[in-house]
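Structure record follows, encoded as structure tokens.
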Amino acid sequence: MSAIGPQTRPAPPAKESLLRRFRRFRRGPWETLATLIIFVGVVMLMQPFAIVLYTYSFVTILTGTVLFVIVSHFPD
Amino acid sequence: MAETTSALDRIAARAARATPVPVARRLRGLSDRGIAWLFITPTILLLLAINIFPLIWTIWLSFTNYRANRPTLETEFIGLQNYQRVLSNPDVWHTLQVTARFLCWTMAIQTVLGFALAWLINRQFRGHGFWTTVILLPMMLSPAVVGNFWTFLYQPQIGLFNYVVSFFTGIPPSSFQMIGDVNLAPWAIVIVDTWMWTPYIMLICLAGLRSIPDYLYEAAEVDRASPWRQFWSITVPMVLPFLMLAVLFRAIENFKMFDLVVELTSGGPGSVTELASINLKREAFEKWRTGYSSAFAIILFVTVFGAANIYVKALNAVKNR
Chain A
1 MSAIGPQTRP
11 APPAKESLLR
21 RFRRFRRGPW
31 ETLATLIIFV
41 GVVMLMQPFA
51 IVLYTYSFVT
61 ILTGTVLFVI
71 VSHFPD
Chain B
1 MAETTSALDR
11 IAARAARATP
21 VPVARRLRGL
31 SDRGIAWLFI
41 TPTILLLLAI
51 NIFPLIWTIW
61 LSFTNYRANR
71 PTLETEFIGL
81 QNYQRVLSNP
91 DVWHTLQVTA
101 RFLCWTMAIQ
111 TVLGFALAWL
121 INRQFRGHGF
131 WTTVILLPMM
141 LSPAVVGNFW
151 TFLYQPQIGL
161 FNYVVSFFTG
171 IPPSSFQMIG
181 DVNLAPWAIV
191 IVDTWMWTPY
201 IMLICLAGLR
211 SIPDYLYEAA
221 EVDRASPWRQ
231 FWSITVPMVL
241 PFLMLAVLFR
251 AIENFKMFDL
261 VVELTSGGPG
271 SVTELASINL
281 KREAFEKWRT
291 GYSSAFAIIL
301 FVTVFGAANI
311 YVKALNAVKN
321 R
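Here's what the structure looks like:
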């Protein structure tokens with residue numbers, strides 16, 4: 001047994017679940033969600049497969065953009 | 001020194017005498033914040049007049065059946081009908097697909113070429129400054145000028161482009177038309193946009209490459225990492241945020257592309273190169289469907305605004321690195 005004794009590492013910070021981070025209204029995950037919605041909307045707008053996706057693309061982009069504007073005011 | 005001060009005092013006294021008494025009294029009573037507002041108010045008013053007012057006016061027009069060529073007709077509020085028409089029109093959908101194809105090809109080619117050029121220019125060789133300037137020249141030209149001289153280069157009889165292709169492939173130069181052919185016209189605009197804007201991607205990538213500290217490569221050398229491994233584990237991850245930023249910025253710009261394509265093909269032959277912005281211009285200023293085209297413009301505006309949000313997020317990610 002050494003004189004110094006066994007060294008203990010500080011415990012790593014507990015990882016917060018994604019759902020919990022969403023519930024706490026933190027900017028990061030909400031911004032990612034808004035970005036994802038905008039991206040999906042842009043893809044829907046320009047895809048060549050189904051006109052129904054094109055029809056609903058604007059609503060999707062608008063939802064994502066409005067969400068982004070709101071969540072960008074959340075704390076980090 | 002004393003003479004200069006007294007001269008300044010004299011000028012200040014003269015200015016004070018020239019200022020009307022009520023104005024001087026009013027200014028003296030203002031706080032620093034008030035004076036700051038006084039200075040920025042004209043700018044704010046100008047911005048409101050040339051940016052915000054047209055935007056609000058366009059939003060209003062998008063809900064009406066207004067036609068700019070018949071201003072005397074009564075304007076009716078028709079709700080979301082214009083938006084419904086735009087979003088169920090197969091022709092508009094087609095122009096957005098043309099825009100998407102143009103975006104995908106230009107972005108893919110420019111990213112690969114831009115990164116490759118930056119990687120080559122980053123190697124310090126003799127005259128690399130001169131070659132950097134030469135590569136950057138197309139980016140500095142006006143799109144109208146570029147469109148005009150590429151129209152000459154693409155001429156099947158006298159254009160240099162056809163002769164160069166003929167030299168390498170053996171195809172007779174007058175046997176194909178880059179601008180007039182349905183299959184080749186989209187490639188004609190992709191080539192010109194790539195020629196013009198690859199330097200921009202190169203410039204941003206070069207900034208990313210120059211920001212990589214040398215000690216990372218030195219540590220990799222000590223660990224006996226191969227050049228290939230160094231490229232994939234150090235160069236690519238360090239440059240990727242810069243590259244993403246450049247691609248996102250160019251994608252937003254190309255989504256709005258108008259001038260270059262109008263100069264080259266005007267959307268033809270047929271409608272194979274008719275991008276969304278060209279279709280919008282036709283609806284607004286050839287068919288004079290102002291309300292309808294306002295709705296289309298708002299759809300494009302919201303799309304660009306949404307994409308710009310992603311751009312800002314990427315920019316912040318790069319800043320926080």
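First to last, the sequence lines map onto chains A and B. For the first sequence, UniProt numbering begins at 1 and goes up steadily by one. For the second sequence, UniProt numbering begins at 1 and goes up steadily by one. A virtual CB, placed ideally from N, CA and C, is assigned to each residue, including glycine.
Ordered along the chain, which non-local residues of its own chain (more than five positions away) have a Cβ less than 7 Å from that of residue 150(B)?
Close CB contacts of residue 150(B) within its chain, under the 7 Å cut and outside five residues either way in sequence, are with 192 and 264 (chain order).
Short-range partners of chain B found in the region 36–52 of chain A, where Cβ spacing is below 8 Å:
The residues in question are 38, 39, 41, 42, 45, 46, 47, 48 and 51.
Could you list which residues in chain A have their beta carbon closer than 8 Å to that of residue 88(B), in chain order?
Under the 8 Å cutoff, chain A gives 51 and 55.
Identify, in the order they occur along the chain, each residue of the same chain with its Cβ nearer than 6 Å to the Cβ of residue 38(B), setting aside the five sequence neighbours on each side.
Once the five neighbours on either side are set aside, residue 38(B) has no close Cβ partner at all.
Same chain only: Cβ atoms within 8 Å of residue 34(A), ignoring 5 sequence neighbours per side
The residues are 64, 65, 67, 68 and 71.
Kindly indicate the opening and closing residues of the alpha helix (DSSP H) around residue 278(B).
Its alpha helix (DSSP H) spans residues 276–285.
Kindly list, in the order they appear in chain A, the residues whose Cβ is closer than 7 Å to that of residue 96(B).
Neighbours of residue 96(B) in chain A, taken as residues at a C-beta separation under 7 Å, are given in chain order as 45 and 46.
Residue 58(B) in three-state terms, based on DSSP
Helix.
To the nearest angstrom, how far is the alpha carbon of residue 205(B) from that of residue 108(B)?
Near 15 Å, if we compare the C-alpha coordinates of residue 108(B) and residue 205(B).
Quick one: Cα of residue 38(A) to Cα of residue 180(B), how far?
The straight-line gap from Cα to Cα measures roughly 36 Å.
Could you work out which residues of chain A lie near residue 52(B), taking near to mean beta carbons separated by less than 9 Å?
None at all; the shortest Cβ gap to chain A is about 16 Å.
Could you check what DSSP says for residue 1(A) in three-state terms: helix, strand or coil?
Here residue 1(A) scores only 44 on pLDDT, less than 50, and its place in the model is too uncertain to base an answer on.
Could you have a look at residue 64(B) and say whether DSSP puts it in helix, strand or coil?
Under the three-state reduction of DSSP, residue 64(B) is assigned to strand.
Whole-number beta carbon distance between residue 245(B) and residue 315(B), since they are thought to touch under 8 Å
Separation of the CB atoms of residue 315(B) and residue 245(B) is rounded to 6 Å, and the pair is thereby assigned contact status at 8 Å.
Please name the residues in the region 60–76 of chain A whose beta-carbon is closer than 7 Å to at least one beta-carbon of chain B, in chain order.
Answer in chain order: 61, 62, 64, 65 and 68.
What residues match up with residue 77(B) in a beta bridge as DSSP calls it?
According to DSSP, residue 77(B) bridges with 64(B).
Taking contact to mean at least 3 C-beta pairs separated by less than 8 Å, is the region 73–90 of chain B in contact with the region 296–304 of chain B?
Yes, the region 73–90 of chain B touches the region 296–304 of chain B.
Given 8 Å as the limit, is there contact between the region 43–50 of chain A and the region 277–296 of chain B, that is, 3 or more CB pairs closer than that?
Touching, no, given that fewer than three Cβ pairs across the two stretches are closer than 8 Å.
Looking only at C-alpha atoms, which of 305(B), 292(B), 307(B) and 302(B) sits nearest to residue 77(B)?
Put simply, of 305(B), 292(B), 307(B) and 302(B) the residue whose alpha carbon is nearest the alpha carbon of residue 77(B) is 292(B).
Using the rule of at least 16 other Cβ atoms within 10 Å of the residue's Cβ for burial, across every protein chain shown, is residue 215(B) buried or exposed?
Exposed, because fewer than 16 other Cβ atoms sit within 10 Å of the Cβ of residue 215(B).
Using a C-beta to C-beta distance shorter than 9 Å, which residues of chain A count as neighbours of residue 309(B)?
Within chain A, 31, 34, 35, 38, 64, 65, 68, 69 and 72 have C-beta atoms less than 9 Å from the C-beta of residue 309(B), given in sequence order.
Could you tell me the distance, in whole angstroms, from the CA atom of residue 64(B) to the CA atom of residue 21(B)?
Residue 64(B) and residue 21(B): Cα-Cα distance of roughly 51 Å.
Between the alpha carbons of residue 18(B) and residue 281(B), how many angstroms are there, rounded?
Cα-Cα distance, rounded: 53 Å.
Opening and closing residue of the alpha helix (DSSP H) in which residue 32(B) lies
Segment 32–47, the alpha helix (DSSP H) holding residue 32(B).
CB-CB under 7 Å to residue 154(B), same chain, minus the five flanking residues each way: which ones, in chain order?
Cβ neighbours of residue 154(B) beyond the five flanking positions: 161, 178, 179 and 188.
Where residue 181(B) falls: helix, strand or coil (DSSP):
Residue 181(B): coil per DSSP, three-state reduction.
Going along chain A, which residues have a C-beta under 7 Å from residue 291(B)?
Around residue 291(B), no beta-carbon contact reaches into chain A at under 7 Å, the shortest distance being about 16 Å.
When the Cα of residue 156(B) is compared with those of 79(B), 168(B), 172(B) and 167(B), which residue comes out closest?
Selected option, being the one with the closest Cα: 172(B).
Other residues of its chain near residue 275(B): CB distance less than 8 Å, five sequence neighbours each side excluded:
Contacts found: 95, 98, 99, 102, 257, 258, 261 and 267.
Grab me the residues of residue 3(A)'s own chain with a C-beta within less than 7 Å of its C-beta, minus the 5 sequence neighbours each way, in chain order.
Legend: pLDDT at residue 3(A) = 48, less than 50; position of this residue unreliable, no value from coordinates given.
Could you tell me whether the Cβ of residue 303(B) comes closer than 8 Å to any Cβ of chain A?
Yes, because at least one Cβ of chain A sits closer than 8 Å to the Cβ of residue 303(B).
Can you look up residue 154(B) in the DSSP assignment and give me helix, strand or coil?
For residue 154(B), the secondary structure class from DSSP, reduced to helix, strand or coil, is coil.
At a CB-CB cut-off below 7 Å, which residues of chain A make contact with residue 16(B)?
Going along chain A, no residue has its Cβ under 7 Å from residue 16(B), so there is no contact; the nearest lies around 46 Å.
Close-in-space but distant-in-sequence residues of the same chain around residue 278(B) (CB under 8 Å, 5 per side omitted)
Take residue 278(B), set aside five residues on each side of it, and the residues of its chain with a beta-carbon closer than 8 Å to its own are 95, 258, 261, 262, 266 and 267, in chain order.
Using a cut-off of 7 Å between C-beta atoms, extract the partners of residue 93(B) located in chain A.
Near residue 93(B) (Cβ distances below 7 Å), the residues of chain A are 51 and 54.
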